[in-house]
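Enquirer:
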Amino acid sequence: MPPKPAPVCGQHRQHFRITQSQQPAALARAFADDTAVLIQSWKRDRLLLFSIFALFEKVSRLSLNFKKTIAIPLWTEDPQAIQARLAEEPGEPQITWASSGKYLGVHVGPGKGTRSREKPARKFEKRLEEWPWAELGLHAAISIYNTFVLSVLLFVGQVETPPDFVLRLEARAVRRIAHGPGNWCSPRDLHHARDLGQSINLRLLAVPCKAAMLRLREQEATGAGIRWRHLERALTHTKGSTMHLHGLVDWKPWFDARLPTVVETLHFNSASQGISRSRAVREVAGAPIGPLSRDNLAKFRRGYQAWCCKALLRAERFDPATRIRQRTARWRFLALPGHAAPRIARHLRRLRSLVPARARAAMLSTIFNRWTTDTRRSLRAGRNRCAFGCTCPLSDRVEHYLRCPGFRARAARRLQLRPPPATRLDEWMIASRGMGDMQLRQTAVAVYVLHRTVNHLRRASPLDDASEEYERHFMNQMLHEAARSDSRLREALRAAQVPGGRAPAKRRRSS
1 MPPKPAPVCG QHRQHFRITQ SQQPAALARA FADDTAVLIQ SWKRDRLLLF
51 SIFALFEKVS RLSLNFKKTI AIPLWTEDPQ AIQARLAEEP GEPQITWASS
101 GKYLGVHVGP GKGTRSREKP ARKFEKRLEE WPWAELGLHA AISIYNTFVL
151 SVLLFVGQVE TPPDFVLRLE ARAVRRIAHG PGNWCSPRDL HHARDLGQSI
201 NLRLLAVPCK AAMLRLREQE ATGAGIRWRH LERALTHTKG STMHLHGLVD
251 WKPWFDARLP TVVETLHFNS ASQGISRSRA VREVAGAPIG PLSRDNLAKF
301 RRGYQAWCCK ALLRAERFDP ATRIRQRTAR WRFLALPGHA APRIARHLRR
351 LRSLVPARAR AAMLSTIFNR WTTDTRRSLR AGRNRCAFGC TCPLSDRVEH
401 YLRCPGFRAR AARRLQLRPP PATRLDEWMI ASRGMGDMQL RQTAVAVYVL
451 HRTVNHLRRA SPLDDASEEY ERHFMNQMLH EAARSDSRLR EALRAAQVPG
501 GRAPAKRRRS S
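Letter by letter, the sequence shown follows residues 1 to 511 of the UniProt record's numbering.
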């Protein structure tokens, strides 16, 4: 759909008045210096159309750039044949004939195919290569992907649905940013990461595209006066006419992907899921059904698309307890998984207000078996030993690290950290009953320190007596990193490290 002519300068408005007076059946739209004109007959109307542009040039000193002018035929003749035929006629303007053209960043015409998505897809891949995803945490990776990578695909998504090759590209990108062992999580888990205790969700391309189309339908219907349902019925009637049988065969993808059809189909499907304008007015603007005041209307327009994103995401009906139960089936020490999974889901949500995002990401990585251990990679021979120097065989595994005597001794002696007992592995997975806020904080911080230390030491040489100072310094740094930028967590850890449960008072500097 061409944009509405509201932001057009005064000279273009005068040009529209001349065009409408000379050719009432023509449709003209413009934005800044881009102009689009639709005429019924090229043979009959082209001379008058170019004479109007010539008259406009004399009035405004603004000429038409024939090198950038593209004519799109809506009949069966090949554009290249038209180009060659008109090039031999004297006095004919030498413009470009093609099956599609680019207008305001979006390709229009029966031969556009997926051209509108090709350049954003290349830019998407380029931005994906610019970030070191293996060095980023889960929270930082999701934030960067939502802000700097996925955003390049959203502009075209306002008027076109994502094609299959873009969806495949998005699936590969999701597996890359959430690096780890194979199938440690699914893209749907990251799209509902907030239900799993994380701060933000990984944005799904289809959701903001649908929300933008719903916003486009709402705002263009009230602002530009577009009657979407009437337009869709008219296009359907035209499609069934015998005068356009050639178009049904040659231009079927173009007919099927036309914007009014996509928008009306999306509106019908969304209404069946409970996503309606009346509900949005109540929840976004906080106003009853009826005419909206100016302030409520402005508030509704600002928040309508974000509300649609949340409503579409809720319509997918993601159950975190079911997903956690599927992922924790590997941990044999969890008794009654049907009861443990809902508790884990509740505790993960409680951790959002207790520990920073980095500790919650480590907790989720442990529950979902994201650790890159030798046992996880099915390496039975070779190294496969504890990073803390334990001598037991096949000790490079999550179950061993959770009860590792080397880590527990170092955590208690040097960091004054109180991890869960070695015999209570369900507390490590926050699946135990009656866990209070302090116990959840201690467990999440212990898991974060353990996770970061093991990942670091597995890439270094095994610990020995000569590396005691380095080991103490690194674990102490991870403990401070877990509580960084969170004063409440720092005070809670200090209180837990002091006998009696009260943090020591800070000394005042003498003047």
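We treat Cβ as the ideally placed atom computed from N, Cα and C, and that holds for glycine. No experiment lies behind these values; they were computed from the predicted model shown.
#1: Measure the C-alpha to C-alpha separation of residue 9 and residue 219 and round it to an integer number of angstroms.
#2: Spell out the partners DSSP gives residue 29 in its beta bridges.
#3: Under the DSSP definition of a beta bridge, which residues are partnered with residue 211?
#4: DSSP beta-bridge partners for residue 70?
#5: Going by DSSP, name the residue or residues bridged to residue 102.
#6: Near residue 395, which residues of its chain fall below 7 Å by C-beta distance, leaving aside the five closest residues on each side in sequence?
#7: If we ignore side chains and look at the alpha-carbon of each, how far apart do residue 304 and residue 216 end up?
#8: Between residue 437 and the rest of its own chain, which residues show a CB-CB distance below 7 Å, the 5 nearest in sequence each way excluded?
#9: Residue 70 and residue 35 look like a contact to me (Cβ under 8 Å); what is the Cβ gap, rounded to whole Å?
#10: Can you find the residues in the same chain that come closer than 7 Å, C-beta to C-beta, to residue 131, ignoring five residues on each side of it along the sequence?
#11: Looking at the structure shown, is residue 309 part of a helix, part of a strand, or coil, going by DSSP?
#12: Quick one: Cα of residue 123 to Cα of residue 135, how far?
#13: Just curious, the alpha helix (DSSP H) that residue 186 is in, first and last residue?
#14: Alpha carbon to alpha carbon, what distance is there between residue 279 and residue 367?
#15: Please report the Cβ distance between residue 452 and residue 197, rounded to the nearest whole angstrom; I am assuming they are in contact, meaning their Cβ atoms lie under 8 Å.
#16: Can you tell me which of 149, 113 and 358 puts its alpha carbon nearest to the alpha carbon of residue 512?
#17: Are residue 369 and residue 330 close, meaning C-beta to C-beta below 7 Å?
#18: Return the CA-CA distance between residue 420 and residue 445, expressed in angstroms with no decimal places.
#19: Got a sec? Which residues, its chain only, sit under 6 Å from residue 39 by beta carbon, not counting five neighbours each side?
#20: Is the Cβ-Cβ distance between residue 325 and residue 315 less than 7 Å?
#21: Can you name, in chain order, every residue of its own chain whose Cβ lies under 6 Å from the Cβ of residue 173, other than the five neighbours on each side?
#22: If you count every other CB in all the chains shown that lies within 10 Å of the CB of residue 286, and 16 or more means buried, which is it?
#23: Between the alpha carbons of residue 281 and residue 270, how many angstroms are there, rounded?
#24: Ends of the alpha helix (DSSP H) at residue 435?
#25: Mapping DSSP to helix, strand and coil, what is residue 491?
#26: Name the residue from 440, 301 and 475 whose alpha carbon lies nearest to the alpha carbon of residue 489.
#27: Determine, using beta carbons only, whether residue 160 and residue 100 come nearer to each other than 7 Å.
#28: Please classify residue 201 as buried or exposed, where buried requires at least 16 neighbouring CB atoms within 10 angstroms.
#29: Go to residue 367, then tell me how far its alpha helix (DSSP H) extends in each direction, as first and last residue.
#30: With a cut-off of 8 Å on the beta carbons, I'd call residue 181 and residue 171 a contact; round off their distance for me.
#31: Go to residue 336, then tell me how far its alpha helix (DSSP H) extends in each direction, as first and last residue.
#32: Is it the case that the Cβ atoms of residue 426 and residue 364 are separated by a distance below 7 Å?
#33: Select from 55, 470 and 139 the residue whose C-alpha is nearest the C-alpha of residue 193.
#34: Quick check on the DSSP output: what are the complete alpha helix (DSSP H) runs of length 4 or more inside the stretch 257-290, in order along the chain?
#35: Applying the 10 Å Cβ sphere with the 16-neighbour rule, what's the burial state of residue 210?
Expert: If we stick to the structure as given:
#1: Confidence at residue 9 is low in this model, with a pLDDT of 39, below 50, so its placement is unreliable and the value that follows should be read with caution. Between residue 9 and residue 219, the C-alpha separation is close to 22 Å.
#2: 36
#3: The partner list for residue 211 (beta bridge, DSSP) is empty, contrary to what the question assumes.
#4: 96
#5: 107
#6: 385 and 386
#7: 10 Å
#8: 354
#9: Here residue 70 is actually not in contact with residue 35; their C-beta atoms are around 11 Å apart, not less than 8 Å.
#10: 144
#11: helix
#12: So the two alpha carbons sit approximately 22 Å from each other.
#13: From DSSP, residue 186 is part of no alpha helix (DSSP H); its letter is neither H nor E.
#14: 37 Å
#15: Not really, about 18 Å apart at Cβ, beyond 8 Å.
#16: Absent from the model: residue 512. The displayed extent of the chain is 1 to 511, so no value can be given.
#17: yes
#18: Distance between the alpha carbons of residue 420 and residue 445: 11 Å.
#19: 26 and 45
#20: Not in contact: residue 325 and residue 315 (Cβ atoms no closer than 7 Å).
#21: 128
#22: exposed
#23: 15 Å
#24: Segment: none, residue 435 is in no alpha helix (DSSP H) and carries neither H nor E.
#25: When DSSP states are grouped into helix, strand and coil, residue 491 belongs to the helix group.
#26: 440
#27: For the 7 Å CB-CB criterion, residue 160 and residue 100 do not form a contact.
#28: buried
#29: 357-367
#30: Between residue 171 and residue 181 the Cβ distance is about 17 Å, and since that is not below 8 Å, they are no contact.
#31: Note, residue 336: premise wrong, no alpha helix (DSSP H); not H, not E.
#32: no
#33: 139
#34: 259-272 and 277-280
#35: buried
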